[in-house]
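Mature numbering (1 follows the signal peptide of the UniProt record, and there is no 0) puts the sequence shown at residues -27 to -1, 1 to 553.
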Amino acid sequence: MKNIGGRHNLLLLLSTFFFGGFEVLNAVPYDYTASAECLANPHKPQYGGGVIVNPELNEGLKGWSSFGNAKIQHRESKGNKFIVALGRNQQHASVSQKVSLQSGKLYTFSAWIQASKGGVPVTAMFKTGSGTYMRAGSIVAESNCWSMLKGGFPASASGPAELYFESKDTSVEIWVDSVSLQPFTEEEWKSHQDQSIAKIRKSNVKIQAVDKQGKPLANAKISIQQKSPTFPFGCSLTKYVLKNTAYQNWFLSRFTVATFGDEMKWYSTENTQGHEDYSMADAMLQFTKQHNIAVRGHNVFWDDPFYQLGWVKSLSPQQLASATQKRLNSVMNKYKGQLIGWDVVNENLHFNFFESKMGANASALFYNWAIRADAATTLFLNEYNTIEESADEATTPAKYLRKLKEIRTFPGNERGRFAIGLESHFTTPNIPYIRSSIDTLAAAGVPIWITELDVANGPKQTLYLEQILRETYAHPHIQGIVLWAGPTEKGCYRMCLTDNINFKNLPNGDVVDKLIHEWGLKGLVSGTTDAKGFFEASLSHGDYEVSITHPTSKSSSLVQRLNVKPTASSQKPLFLKFSS
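Dropping the structure here:
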């Protein structure tokens, strides 16, 4: 308790409860659930199947037909009924159902898939009447158990469409069950975001001011200043910040977390073999520490051969194993306890430089070494296109989870603190696919961060940035967001938030500022108590400073620290009590 400027007592009793948020009347709630397990029997279809006819195949082949030259059969096993595509000699040969799409609606799709042999990628596709093909999502299907495929897409035109499934392996049978296609209006989709933010990011705080006799004080002035938000929202940082005051002021007034763009990478710290130089990373870390900015370590290794130094490429497999172990122990021990996480291996679904030299378990081995070096720090896989591009077959959510499982189950890695890093380098966002992909990834039960968010330059860059930020911040399983917009003396990577001289906001920066204030991650909430002495506000979770003044008080201001976090809704209101 803290009393500033006066001698009166201040009593603070805190309670928070969930705030209802924006709702659309009769809107269908969004189902965030997904499964990463291969199950003996599929779950019931989400939304009762939505617009799909006969989604559980309990009515034979009603609503279903053959696509391509596939034969289809209705089967039953242990009481579960499903449809099978067999005799396939084309990748698109499968089962099919005709649906009608409505322009402007956002569709979420799910189905449970099995194949006659394991480890087979299967993709759900929609072919429109105009000949456009849309990927809804993909799964790696197994035999003898059912896997959940979850995805989605926006409809750009109204008209008929045909759902079917693809697999490049034409020798396999594709089994399908519990299919769902649920449309949402843009207003309904926005209501899901608003309700999720209100539930997981904010609490409604009720304050009552009373005098020393316990009587309510009307017209007391209350000010609630955000000091430190709980949700990590940040931006990449470059060495340019060390000599540019305008850059420093712009960054520090907005963000609470940073990722160094290049300064911790191997090619920056050991450009010449055996000569390590951490001076730039050290200086940047000192700057962030001085200003209470948390830092993500980026990165220990990058699996892309393009970014390997010449001397690294020239090493024999045995020499490379020795050099990588030295590199990992050097950088992780140096910064042990100073970072909130490490991207241990960058982009090891797209690339395999280290695997090609050291064997298929190279990435798993690196995480093993990382756990030994610093078991307390969260260890990320960091990859792109998992939520950005449904057409990138290398990094689908299902393949990401397979890679994560492969690394986590490597001997000795069971005790590691793992997390999912989604780079999020977008061109044109597929908002329903973003949401459903995060749903699927969340089934792994580890933290998920958006680690390098940017949007390619174009006429809709600012619009897309706002859409992506709203979608990812609202998702209940996203635990942090880092933008990839750190400027250098030459400019930005793909997306600038400010000009490069005076650090005045560009339109993208205005969007970021708008959302920071809308979400309550920075700023001030103020007002006066009502006739019963109450003041109510919806606050983002975090630390605040509450001050109160009243005309009858002899003190200039009474101040109390306040931590807002999720709590049960049945507790009592927060009381500010002082004598006048």
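Using N, Cα and C, we set each Cβ at its ideal position, and we do this for glycine too.
Identity of the residues DSSP links to residue 554 by a beta bridge:
Residue 554 falls outside the range modelled here, since the chain spans only -27 to 553, and no answer is possible.
Looking only at its chain, what residues have a beta carbon closer than 8 angstroms to the beta carbon of Asp503, apart from the 5 residues adjacent to it on each side?
Close CB contacts of Asp503 within its chain, under the 8 angstroms cut and outside five residues either way in sequence, are with Ala191 (chain order).
I want to know whether the stretch 330 to 346 touches the stretch 383 to 390 - three or more CB-CB distances under 8 angstroms.
The stretch 330 to 346 makes contact with the stretch 383 to 390; the number of CB pairs closer than 8 angstroms reaches 3 or more.
Presumed contact (8 angstroms Cβ cut-off) between Thr351 and Thr359, rounded CB distance
Contact doesn't hold; Cβ gap of about 18 angstroms is too wide.
Should Gln281 go down as buried or exposed, given a rule of 16 or more other Cβ atoms within 10 Å for buried?
buried
Would you check if the distance between the CB atom of Val149 and the CB atom of Val24 is smaller than 8 angstroms?
no
Can you tell me which residues form a DSSP beta bridge with Cys208?
Ala231, Leu456
Does the stretch 173 to 189 come within contact of the stretch 100 to 111, defined as at least 3 CB pairs closer than 8 angstroms?
no
Rounded straight-line distance, which links the Cα of Ser120 to that of Ala114:
6 angstroms
Using the C-alpha atoms, what's the distance from Tyr373 back to Ala134?
Answer to the nearest angstrom: the Cα atoms are 29 angstroms apart.
Rounded to a whole number of angstroms, what is the C-alpha to C-alpha distance between Lys376 and Leu354?
Near 9 angstroms, if we compare the C-alpha coordinates of Leu354 and Lys376.
Excluding the 5 residues preceding and the 5 following Thr413 in the sequence, name in chain order all residues of the same chain whose CB lies nearer than 6 angstroms to its CB.
Ala7, Lys123, Pro370
Cα-Cα separation, Gly332 to Asn306
25 angstroms
Tell me the DSSP secondary structure of Asn536 in three-state form.
strand
Cβ contact (3+ pairs, closer than 8 angstroms) linking the stretch 425 to 444 and the stretch 483 to 501:
Contact between the stretch 425 to 444 and the stretch 483 to 501 is present, because at least three Cβ pairs lie under 8 angstroms.
Residue range of the unbroken beta strand (DSSP E) whose run includes Phe138:
132 to 139
Rounded to whole angstroms, what is the Cα-Cα separation between Ser209 and Gly33?
55 angstroms
Report back the beta-carbon spacing between Thr261 and Ala294 to the nearest angstrom; my notes put them in contact at under 8 angstroms.
So it is not a contact: roughly 33 angstroms between Cβ atoms.
Around the C-beta of His165, are 16 or more other C-beta atoms found within 10 angstroms, so that it is buried, or is it exposed?
The residue is buried, with at least 16 neighbouring Cβ atoms inside 10 Å.
Just to confirm my understanding: we take residue 562, look at its own chain, exclude 5 residues before and 5 after, and list those with CB closer than 7 angstroms. What are they?
In the structure as shown, the chain starts at -27 and stops at 553, and residue 562 therefore has no counterpart that could be examined.
Three-state secondary structure (DSSP) at Gly(-7)?
Unreliable positioning characterises Gly(-7) in this predicted model, as indicated by a pLDDT of 43, which lies under 50. A coordinate reading is not provided.
Nonlocal neighbours in the same chain, by C-beta distance under 7 angstroms from His490, ignoring five residues either side
Gly496
Please classify Met107: does DSSP put it in a helix, a strand, or coil?
strand
Cβ of Ser111 within 8 angstroms of Cβ of Val95?
yes
For the stretch 212 to 224 against the stretch 517 to 525, do three or more pairs of beta-carbon atoms, one drawn from each stretch, fall closer than 8 angstroms, so that the two count as touching?
no
Does DSSP put Met237 in a helix, a strand or coil?
coil
May I ask you to verify whether the stretch 44 to 55 touches the stretch 73 to 82, counting CB pairs closer than 8 angstroms and requiring at least 3?
The stretch 44 to 55 vs the stretch 73 to 82: no contact.
With H, G and I counted as helix, E and B as strand and the rest as coil, what does DSSP make of Met98?
strand
Which residue comes first and which comes last in the beta strand (DSSP E) that contains Leu352?
351 to 356
Is it the case that the Cβ atoms of Val318 and Asp276 are separated by a distance below 8 angstroms?
Their beta carbons are under 8 angstroms apart, which means Val318 touches Asp276 by this criterion.
DSSP on Ser144, reduced to helix/strand/coil?
coil
Under a three-way DSSP split, which group does Asn386 fall into?
coil
Where does Ala58 land, buried or exposed, given buried means 16+ other C-beta within 10 angstroms?
buried
With burial defined as no fewer than 16 other Cβ atoms inside 10 Å of the residue's Cβ, what is the status of Phe279: buried or exposed?
exposed
By DSSP's criteria, Phe82 is part of a beta bridge. Which residues make up the other side?
Gly124, Leu154
For Thr81 versus Gln181, is the C-beta spacing smaller than 8 angstroms?
no
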